Amino acid sequence: MNLYAVLEPLLIGLAMLAALFFMFGRIAPQLRQRLLAPLTARLSQGSTWQRKLAKGMEPAAGCGSGCSTCGSCGSKAESAVAPQPVSVLRRH
Amino acid sequence: MSAAIEVPVAAATTDSLRVALVGNPNCGKTALFNLLTGSRQKVANYAGVTVERKQGRLTTPQGREVLILDLPGAYSLTPASPDEAITRDVCLGTAAGESAPDLIVCVLDATNLRLHLRFALEVARLGRPMLVALNMSDAAARRGIVIDKAKLEAALGVPVVDTIAVRRGGADALLKLLDAHGRTQPALPIAPDADLHAEVNRLLNAAVTMPRRTDARDDLIDRWVLHPVAGLAILAVVLFLIFQAVFAWAAPFQDGIDAGVAFLAQHLGAILPDGLLKSLLVDGIVAGLGGVIVFLPQILFLFLFILALEESGYLPRAAFLLDRLMVGAGLTGRSFIPLLSSFACAIPGIMATRSIQDPRDRLTTIMVAPLMTCSARLPVYALLISAFVPQRDVWLFNLQGLVLFALYIAGIVGALLVSWVMKRFSRDKAEQSLLLELPSYRMPRVRDLAIGLWERATIFLRRVGGIILALTVLLWFLSTFPAPPDGATGPAIDYSFAGRIGQAMEVVFAPIGFNWQICIALIPGLAAREVAVSALATVYALSATSEAAADQLGGLIAQQWSLATALSLLAWYVFAPQCIATLAVIRRETNSVRTMVIATTYLFALAYLAAFAAYRITLALS
Numbered sequence: 002m003n004l005y006a007v008l009e010p011l012l013i014g015l016a017m018l019a020a021l022f023f024m025f026g027r028i029a030p031q032l033r034q035r036l037l038a039p040l041t042a043r044l045s046q047g048s049t050w051q052r053k054l055a056k057g058m059e060p061a062a063g064c065g066s067g068c069s070t071c072g073s074c075g076s077k078a079e080s081a082v083a084p085q086p087v088s089v090l091r092r093h
Numbered sequence: 016m017s018a019a020i021e022v023p024v025a026a027a028t029t030d031s032l033r034v035a036l037v038g039n040p041n042c043g044k045t046a047l048f049n050l051l052t053g054s055r056q057k058v059a060n061y062a063g064v065t066v067e068r069k070q071g072r073l074t075t076p077q078g079r080e081v082l083i084l085d086l087p088g089a090y091s092l093t094p095a096s097p098d099e100a101i102t103r104d105v106c107l108g109t110a111a112g113e114s115a116p117d118l119i120v121c122v123l124d125a126t127n128l129r130l131h132l133r134f135a136l137e138v139a140r141l142g143r144p145m146l147v148a149l150n151m152s153d154a155a156a157r158r159g160i161v162i163d164k165a166k167l168e169a170a171l172g173v174p175v176v177d178t179i180a181v182r183r184g185g186a187d188a189l190l191k192l193l194d195a196h197g198r199t200q201p202a203l204p205i206a207p208d209a210d211l212h213a214e215v216n217r218l219l220n221a222a223v224t225m226p227r228r229t230d231a232r233d234d235l236i237d238r239w240v241l242h243p244v245a246g247l248a249i250l251a252v253v254l255f256l257i258f259q260a261v262f263a264w265a266a267p268f269q270d271g272i273d274a275g276v277a278f279l280a281q282h283l284g285a286i287l288p289d290g291l292l293k294s295l296l297v298d299g300i301v302a303g304l305g306g307v308i309v310f311l312p313q314i315l316f317l318f319l320f321i322l323a324l325e326e327s328g329y330l331p332r333a334a335f336l337l338d339r340l341m342v343g344a345g346l347t348g349r350s351f352i353p354l355l356s357s358f359a360c361a362i363p364g365i366m367a368t369r370s371i372q373d374p375r376d377r378l379t380t381i382m383v384a385p386l387m388t389c390s391a392r393l394p395v396y397a398l399l400i401s402a403f404v405p406q407r408d409v410w411l412f413n414l415q416g417l418v419l420f421a422l423y424i425a426g427i428v429g430a431l432l433v434s435w436v437m438k439r440f441s442r443d444k445a446e447q448s449l450l451l452e453l454p455s456y457r458m459p460r461v462r463d464l465a466i467g468l469w470e471r472a473t474i475f476l477r478r479v480g481g482i483i484l485a486l487t488v489l490l491w492f493l494s495t496f497p498a499p500p501d502g503a504t505g506p507a508i509d510y511s512f513a514g515r516i517g518q519a520m521e522v523v524f525a526p527i528g529f530n531w532q533i534c535i536a537l538i539p540g541l542a543a544r545e546v547a548v549s550a551l552a553t554v555y556a557l558s559a560t561s562e563a564a565a566d567q568l569g570g571l572i573a574q575q576w577s578l579a580t581a582l583s584l585l586a587w588y589v590f591a592p593q594c595i596a597t598l599a600v601i602r603r604e605t606n607s608v609r610t611m612v613i614a615t616t617y618l619f620a621l622a623y624l625a626a627f628a629a630y631r632i633t634l635a636l637s
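Residue numbers (our numbering), protein chains in the order written: chain A, 2 to 93; chain B, 16 to 637.
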């Protein structure tokens, strides 16, 4: 068995895990954050690369887009999201 | 001066100076905020761009830490819309979890002091430390408006500085004052019952010399642009030319990207041995992402025009022109800017409805915003148009551009029809009059356009490298496993998870002409619309029997789909709510799951009906 044959399933597995992790964060960012909280807390006290890893595992800051995950809609990550729900009152 | 962006609201240290930028809409607060903090918040030449509170941090030349708050524009501290309420709450110190700012910087448009001074006087009444920034002072000087700052300072009792937010160093005087903030006093007391209009007139008479009320150049342009007939014709021509250019000008750049992607796929295919990793890289990632990234030039050309129109000051005129049409359809001219924002993405568009005062108008605008053609639909439209519409001219016009224009118009007409129906079923049929400030015309600045385009490119590439890549990898897995059984004769994808899911969905979508490959693409398309293109590219690459066939998605679907199917899919994409994030924002902005469910249901129903009609009519005619 050559090196490529060993690496191939490993790389594919890693790609799948990364894609699943990303999509999980997109669909349920708060749940992912809760589940990973113990791990990120531990990593953030470790070495530089561990702290960087912990930072990367945190969800994107609220971007004002409503979904508050990707910042890909053009809203900026610096805005503090304050809901302003519409309320329609019936006229009597 | 150094600057950085702060994310958490609570991050402000207690000893840092908190400064709030307030003022009427479109006076340049956000441009000033960007200049001070180095931020790149969206700016445009119309009112209502900022609907939320933003914050950033800077260090003054003397090393003072300053936290800057950029607040939504407000005409008064008695709010008429939700975004104005944010400004009032922050100024009064009643915003949840936030104390009043240490200093209020009241930004005034120096070319329009008659309007803007009124708000400054309202802020002065609060009795808090404040100073006045006369923004666009260069434009005022060009128009011959002479402002005696010393007299204005004496009358208001607060420091007054000139700022030019669009020029490097244009806020130096303001920074000096921020360094010396300890000496800034509250404004001179103004009696609560004082007539603010009379006060404004007194200030203007004392400190300002105005040659004329409006710019002669603006008046001349407006004579044509705001004409009830010529104005609408100009608007139609402008929009039409944009869509022509999107197809005609982007083609060479697209060809270049296409060639690059093909080169990459070919070389990866040659280097890697046959196997799953090669399939993931070539059929999955390169085919999928390459299929989407090729549309970057078209998106950038579209935004080049939108940004130029935003900067020029033309858009509020378009809102004014379309007010009658929009009111007739149950909307308001104020809906124009949120709906226009929705052409980029429905999410900021829905957020921008906060500037609409009437709750029913706001709700209607939220409900129809997803019908505006967002930029994520463009790759889908462009793919299908390139595959099925011949590249030829009709009279002087590019036929593909004409079809793209028609699709955008279909979304607009759909929105007008839906809002008209909503109005008919609403008990409240009152019409809200439109009061809109028309800004002065400006030549778009190349730097602003470049920044805007850079940001759109970054957003698009971030989506490609993020959600589209992740979904492409997952779809490749679903399309590859399980492996076909022994003795299987069809393509392996037929036996995969994705193949089975697609075939199960086909029962529902067969009446509108969708095959199982399209059905598969619809699912990841819910996370991001353009993923439908990468999903189709991956599915067809895995189904392909030859390398050459896998390279060109457009050619493949042109061979395998009927024209009726292509038109049906286009009609589906005009109306379908193919974006979960948009639905989440509808829920948040309306605080109602019911409203979100209604929006989802009506959009899907509309999409299915439109696709059914397109499919059946095309079949009948062909």
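Using N, Cα and C, we set each Cβ at its ideal position, and we do this for glycine too. Quantities reported herein were computed from a predicted structural model and do not represent experimental measurements.
Practice item. Could you run through the segment 6-19 of chain A and flag, in chain order, every residue whose CB is less than 7 Å away from some CB of chain B? Key: E9, L12, I13, A16 and M17
Exercise for review: Return the chain-ordered list of same chain residues with a C-beta closer than 8 Å to the C-beta of B/F627, the five sequence neighbours on each side being excluded.
Suggested key: As a first step, residue 627 of chain B must be located in the second sequence, where it is residue number 612. Same-chain partners within the cutoff: P526, I527 and S583.
Check your understanding: Using the C-alpha atoms, what's the distance from B/G299 back to B/F48?
Key -> Counting from 1 along the second sequence, the entry for residue 48 of chain B is found at position 33. Counting from 1 along the second sequence, the entry for residue 299 of chain B is found at position 284. If I take the Cα positions, the gap works out to 43 Å.
Check your understanding: Helix, strand or coil: which one does DSSP assign to B/L84?
Key -> Locating residue 84 of chain B in the second sequence gives position 69, counting from the first residue. Strand.
Exercise for review: Take the Cβ of B/S294 as the centre, count every other Cβ of all protein chains shown within 10 Å, and call the residue buried at 16 or more, exposed below.
Suggested key: The residue you call residue 294 of chain B lines up with position 279 of the second sequence. Result: buried.
**Study point:** Buried or exposed by the 16-neighbour rule on C-beta atoms within 10 Å, applied to B/E137
**Key:** Residue numbering aside, residue 137 of chain B sits at position 122 when the second sequence is read from its first letter. That one is buried.
Review point. Is the CB-CB distance between B/V34 and B/V120 below 7 Å?
Key: Walking along the second sequence from the start, residue 34 of chain B turns up at place 19. Walking along the second sequence from the start, residue 120 of chain B turns up at place 105. Contact: yes.
Check your understanding: For B/S225, which three-state DSSP category applies?
Key -> Taking the second sequence and counting its residues from 1, the one referred to as residue 225 of chain B is at position 210. According to the sequence provided, residue 225 of chain B is Met. The question's Ser does not apply to it. Coil.
Practice item. Give me the Cβ distance between B/P331 and B/A265, rounded to the nearest whole Å; I'm assuming they're in contact under 8 Å. Key: For the purposes of this step, residue 331 of chain B is taken as the residue at position 316 of the second sequence. For the purposes of this step, residue 265 of chain B is taken as the residue at position 250 of the second sequence. With a Cβ gap of about 28 Å, B/P331 and B/A265 do not count as contacting.
Check your understanding: Is DSSP giving B/I652 helix, strand or coil here?
Key -> The structure shown does not extend to residue 652 of chain B, since chain B is modelled only from 16 through 637, so no value can be given for it.
Check your understanding: Apart from the five residues on each side of it in sequence, which residues of its chain come closer than 6 Å, Cβ to Cβ, to B/A425?
Key -> Here residue 425 of chain B refers to the residue found at position 410 of the second sequence. So the list reads V589, once near-sequence residues are dropped.
Review point. Among B/I286, B/R158 and B/S370, which residue has its Cα nearest to the Cα of B/A231?
Key: Here residue 231 of chain B is taken as the residue at index 216 of the second sequence, counted from 1. Of the candidates B/I286, B/R158 and B/S370, the one whose C-alpha sits nearest the C-alpha of B/A231 is B/R158.
Practice item. State the DSSP-derived secondary structure class of B/Q269, mapped to helix, strand or coil. Key: By 1-based counting over the second sequence, the position of residue 269 of chain B is 254. Helix at B/Q269.
Review point. Where B/L378 and B/L346 are concerned, what is the direct C-alpha to C-alpha distance, given to the nearest angstrom?
Key: Position 363 of the second sequence, counted from the first residue, corresponds to residue 378 of chain B. Position 331 of the second sequence, counted from the first residue, corresponds to residue 346 of chain B. Straight-line Cα distance between these residues: approximately 10 Å.
Review point. Bridge partners of B/N413, per DSSP?
Key: By 1-based counting over the second sequence, the position of residue 413 of chain B is 398. Answer by DSSP bridge pairing, in chain order: B/D408.
Point to revise | First and last residue of the uninterrupted alpha helix (DSSP H) at B/C106 | key: Taking the second sequence and counting its residues from 1, one reaches residue 106 of chain B at position 91. Unbroken alpha helix (DSSP H) run through B/C106: P97 to L107.
**Study point:** Interface residues of the segment 472-488 of chain B facing chain D [CB-CB below 9 Å]
**Key:** Absence of chain D from the displayed structure is noted, the protein chains being A and B.
Review point. Buried or exposed: A/W50, going by 16 or more other Cβ atoms within 10 Å of its Cβ?
Key: Numbered from its first residue, the first sequence carries residue 50 of chain A at position 49. A/W50 comes out exposed.
**Study point:** Whole beta strand (DSSP E) elements within the segment 124-204 of chain B, 3-residue minimum
**Key:** 145-150 and 175-178
Point to revise | Backbone CA spacing between B/L128 and B/V252 [nearest angstrom] | key: For the purposes of this step, residue 128 of chain B is taken as the residue at position 113 of the second sequence. For the purposes of this step, residue 252 of chain B is taken as the residue at position 237 of the second sequence. Their backbone Cα atoms lie some 35 Å apart in a straight line.
Point to revise | Helix, strand or coil at B/V75 [DSSP, three-state] | key: Working through the second sequence from its first residue, we reach residue 75 of chain B at position 60. A small correction: the amino acid at residue 75 of chain B is Thr; Val does not occupy that position in the sequence shown. It is coil, neither helix nor strand.
Check your understanding: Do B/V546 and B/L489 come within 7 Å of each other at the CB atom, strictly closer than that value?
Key -> Mapped onto the second sequence, residue 489 of chain B falls at position 474. Mapped onto the second sequence, residue 546 of chain B falls at position 531. No. Outside cutoff.
Exercise for review: Measure the C-alpha to C-alpha separation of B/L624 and A/G57 and round it to an integer number of angstroms.
Suggested key: Looking up residue 624 of chain B in the second sequence gives position 609. Looking up residue 57 of chain A in the first sequence gives position 56. In this structure, the alpha-carbon of B/L624 lies about 44 Å from that of A/G57.
Review point. Under 7 Å, do B/Q532 and B/V554 count as touching if we go by C-beta distance?
Key: As a first step, residue 532 of chain B is located in the second sequence; it is residue number 517 there, counting from the start. As a first step, residue 554 of chain B is located in the second sequence; it is residue number 539 there, counting from the start. The answer is yes: Cβ separation under 7 Å.
Practice item. Can you tell me which of the three DSSP states B/C534 falls into? Key: Residue mapping note: residue 534 of chain B aligns to position 519 of the second sequence, counting from 1. B/C534 falls in the helix class under three-state DSSP.
Review point. What number of angstroms, rounded off, separates the C-alpha of B/D376 from the C-alpha of B/A334?
Key: One-based indexing of the second sequence puts residue 376 of chain B at position 361. One-based indexing of the second sequence puts residue 334 of chain B at position 319. Rounded to the nearest whole angstrom, the C-alpha separation of B/D376 and B/A334 is 15 Å.
Review point. How about A/F23: is its C-beta nearer than 7 Å to some C-beta of chain B?
Key: Position 22 of the first sequence, counted from the start, is the residue given in the question as residue 23 of chain A. Yes, A/F23 counts as interfacial toward chain B.
Review point. For the putative contact between B/G38 and B/G88, defined by C-beta atoms under 8 Å, what is the C-beta separation to the nearest angstrom?
Key: Sequence index remark: in the second sequence, residue 38 of chain B carries index 23 (1-based). Sequence index remark: in the second sequence, residue 88 of chain B carries index 73 (1-based). Rounded, the Cβ-Cβ distance is 6 Å, consistent with contact.
Exercise for review: Report the option in B/G328, B/F351 and B/D509 whose CA atom is closest to the CA atom of B/R339.
Suggested key: Residue numbering aside, residue 339 of chain B sits at position 324 when the second sequence is read from its first letter. For B/R339, the closest C-alpha among the options B/G328, B/F351 and B/D509 is that of B/F351.
Exercise for review: Taking a Cβ distance cut-off of 9 Å, strictly less, list which residues of the segment 26-37 of chain A are near chain B, in chain order.
Suggested key: R27 and I28
Review point. Just checking my contact of B/L411 with B/F258 at CB under 8 Å: how many whole Å lie between their CB atoms?
Key: By one-based count along the second sequence, residue 411 of chain B stands at place 396. By one-based count along the second sequence, residue 258 of chain B stands at place 243. Contact flag wrong, Cβ pair sits at about 14 Å.
Review point. What's the C-alpha gap between B/R477 and B/E470?
Key: As a first step, residue 477 of chain B must be located in the second sequence, where it is residue number 462. As a first step, residue 470 of chain B must be located in the second sequence, where it is residue number 455. The straight-line gap from Cα to Cα measures roughly 10 Å.
Practice item. Check the Cβ of B/L92 against every Cβ in chain A and list those closer than 7 Å, keeping chain order. Key: The residue labelled residue 92 of chain B in the question sits at position 77 within the second sequence. Residues of chain A passing the Cβ test: none, with the nearest at roughly 17 Å.
Check your understanding: How would you write the range of the alpha helix (DSSP H) that B/V523 sits in, first residue to last?
Key -> For the purposes of this step, residue 523 of chain B is identified with residue 508 of the second sequence, where counting begins at 1. Its alpha helix (DSSP H) spans residues F512 to F524.
Practice item. Taking B/E452 as the reference, give the member of B/Y329, B/P405 and B/I272 with the closest Cα. Key: For the purposes of this step, residue 452 of chain B is taken as the residue at position 437 of the second sequence. Comparing Cα-Cα distances from B/E452 to each of B/Y329, B/P405 and B/I272, the minimum goes to B/Y329.
Practice item. Can you grab the Cα-Cα spacing for the pair B/A667 / B/L537, in whole Å? Key: Since the first and last residues shown for chain B are 16 and 637, residue 667 of chain B lies out of range.
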